[in-house]
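According to this note's numbering, the sequence shown is numbered sequentially starting from 2. Just so it is clear, CB atoms sit at the ideal spot from N, CA and C, and this is done for glycine as well. All values derive from a computational prediction rather than experimental measurement. Following: one structure in structure tokens, then a few remarks.
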Amino acid sequence: AFTEKTPYAPSSPYAASKASSDHLVRAWHRTYGLPVVLTNCSNNYGPYQFPEKLIPLMILNALEGRALPVYGQGDNVRDWLYVEDHARALRLVLDRGQPGRTYNIGGRCEKTNLEVVRAICRIVDQLSPSTAHRQLSVPRSSLIQFVPDRPGHDRRYAIDDTRIQTELGWKPEESFASGLEKTVRWYVDNPQWGDRGQ
């Protein structure tokens with residue numbers, strides 16, 4: 002798992018742009034004493050997320066009875082963190098974090114993409130057994146379609162959040178199961194968010 006001392010090794014331009022911003026912030030702190038704190042986090046999920054991200058895309062497609070595209074064989078692993086837990090951690094780091102220090106914020110919840118999609122399917126099947134257009138006679142998991150993996154896609158992201166837990170006393174309040182159910186319920190109750198023009 003990635004700790005605050007793990008050397009950065011970005012494998013895509015997107016990851017490199019994030020790493021470079023951390024290096025720039027650290028340089029301002031070291032050179033000019035700018036009072037900064039840095040955080041790295043697990044993959045976030047929850048209400049209001051951009052509809053093209055994995056979890057909202059799968060929820061919206063499942064609600065509409067559309068294909069559920071999963072990269073590769075779905076075995077890429079991510080550590081998941083409910084957005085409200087992340088917000089609480091950021092506030093704590095802002096209030097009590099040591100200037101110049103980095104804090105990892107993790108969910109301690111590693112799941113393959115396929116596990117995540119199947120969990121979404123089960124919840125959508127329970128909460129919304131039909132789409133706006135028709136009653137579905139098959140489980141949403143039958144809509145899963147494997148698609149080619151994207152270039153530079155990392156196999157695993159895992160965060161070691163020991164520092165923030167031991168130094169600042171933070172830990173996530175939501176389990177993946179409770180957070181995911183809240184998330185799916187929010188999308189069911191807010192169908193206008195499914196408008197891809199948002």
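Task: Nearest-angstrom Cα separation, counted from Thr167 out to Leu39 - done: In the sequence shown, the residue the question calls residue 39 occupies position 38. In the sequence shown, the residue the question calls residue 167 occupies position 166. Rounded to whole angstroms, Leu39 to Thr167 spans 17 angstroms at the Cα level.
Open item on the list: Tell me the residue span of the alpha helix (DSSP H) that contains Asp202.
Closed with: Outside the modelled stretch of the chain, which goes from 2 to 199, sits residue 202, for which no answer is possible.
Open item on the list: Looking at Val78: is its Cβ nearer than 7 angstroms to the Cβ of Arg157?
Closed with: One-based indexing of the sequence shown puts residue 78 at position 77. One-based indexing of the sequence shown puts residue 157 at position 156. Yes, the Cβ-Cβ distance between Val78 and Arg157 is below 7 angstroms.
Task: Contact set for Leu35: own chain, Cβ-Cβ below 6 angstroms, skip 5 residues either direction - done: Here residue 35 refers to the residue found at position 34 of the sequence shown. Hits under 6 angstroms: Trp29.
- [ ] Spell out the partners DSSP gives Glu111 in its beta bridges.
- [x] Working through the sequence shown from its first residue, we reach residue 111 at position 110. Looking at the DSSP assignment, Glu111 forms a beta bridge with Asp80.
- [ ] Pull up the distance between the alpha-carbon of Glu203 and that of Ser142, whole angstroms please.
- [x] This structure leaves residue 203 out entirely; the chain is present only between 2 and 199.
Open item on the list: Measuring only the C-alpha atoms, how far is Asn114 from Thr4?
Closed with: As a position in the sequence shown, residue 114 is number 113, starting the count at 1. As a position in the sequence shown, residue 4 is number 3, starting the count at 1. Approximately 22 angstroms, taken between the alpha carbons.
Open item on the list: Along the chain, where does the beta strand (DSSP E) containing Gln74 start, and where does it finish?
Closed with: As a working mapping, residue 74 is identified with position 73 in the sequence shown. Where Gln74 is concerned, there is no enclosing beta strand (DSSP E), given that its DSSP letter is neither H nor E.
Task: Limits of the alpha helix (DSSP H) - the one that Asn62 falls within - done: Counting from 1 along the sequence shown, the entry for residue 62 is found at position 61. Leu55 to Glu65 is the extent of the alpha helix (DSSP H) around Asn62.
Task: Cα-Cα separation between Lys6 and Gly107, rounded to whole angstroms - done: What you label residue 6 is simply residue 5 of the sequence shown in a count that begins at 1. What you label residue 107 is simply residue 106 of the sequence shown in a count that begins at 1. The straight-line gap from Cα to Cα measures roughly 15 angstroms.
Task: C-alpha distance - Ser13 paired with Asp161, whole-angstrom precision - done: As a first step, residue 13 is located in the sequence shown; it is residue number 12 there, counting from the start. As a first step, residue 161 is located in the sequence shown; it is residue number 160 there, counting from the start. Spanning the two alpha carbons is a distance of roughly 22 angstroms.
Task: Beta carbon of Ile60 nearer than 7 angstroms to that of Tyr188 - done: By one-based count along the sequence shown, residue 60 stands at place 59. By one-based count along the sequence shown, residue 188 stands at place 187. Going by C-beta atoms, Ile60 is nearer than 7 angstroms to Tyr188.
- [ ] Mind the definition here: the stretch 95 to 106 touches the stretch 115 to 133 only if three or more C-beta pairs lie below 8 angstroms; say whether that holds.
- [x] no
Task: For Val157, the three-state DSSP class (helix, strand or coil) - done: Within the sequence shown, numbered from 1, the residue matching residue 157 stands at position 156. Residue identity differs from the one stated: residue 157 is Arg in this sequence, not Val. In the structure shown, Arg157 sits in a strand (DSSP, three-state: E or B).
Task: Cβ shell of Pro11 (< 7 angstroms), same chain only, five flanking positions each side left out - done: As a position in the sequence shown, residue 11 is number 10, starting the count at 1. So the list reads Ala17 and Ala20, once near-sequence residues are dropped.
- [ ] With a 10 Å radius around its C-beta and 16 neighbouring C-beta atoms as the bar for buried, classify Gly198 as buried or exposed.
- [x] Here residue 198 refers to the residue found at position 197 when the sequence shown is read from its first residue. Note that Gly198 scores a pLDDT of 47, beneath 50, so its modelled location is shaky; the value from the coordinates is reported in the next line. So Gly198 ends up on the exposed side.
Open item on the list: Suppose the cutoff is 7 angstroms on Cβ atoms and the five residues either side in sequence are ignored; what does the same chain contact list for Asn45 look like?
Closed with: By 1-based counting over the sequence shown, the position of residue 45 is 44. Excluding sequence neighbours, Asn45 sits near Leu82, Val84 and His87.
- [ ] Could you tell me which of Arg102, Trp171 and Gly180 sits nearest to Arg92, measuring between CA atoms?
- [x] If you number the sequence shown from 1, residue 92 lands on position 91. Comparing Cα positions, the closest option is Trp171.
Open item on the list: Can you find the residues in the same chain that come closer than 6 angstroms, C-beta to C-beta, to Val37, ignoring five residues on each side of it along the sequence?
Closed with: The residue labelled residue 37 in the question sits at position 36 within the sequence shown. Contacts found: Val26 and His30.
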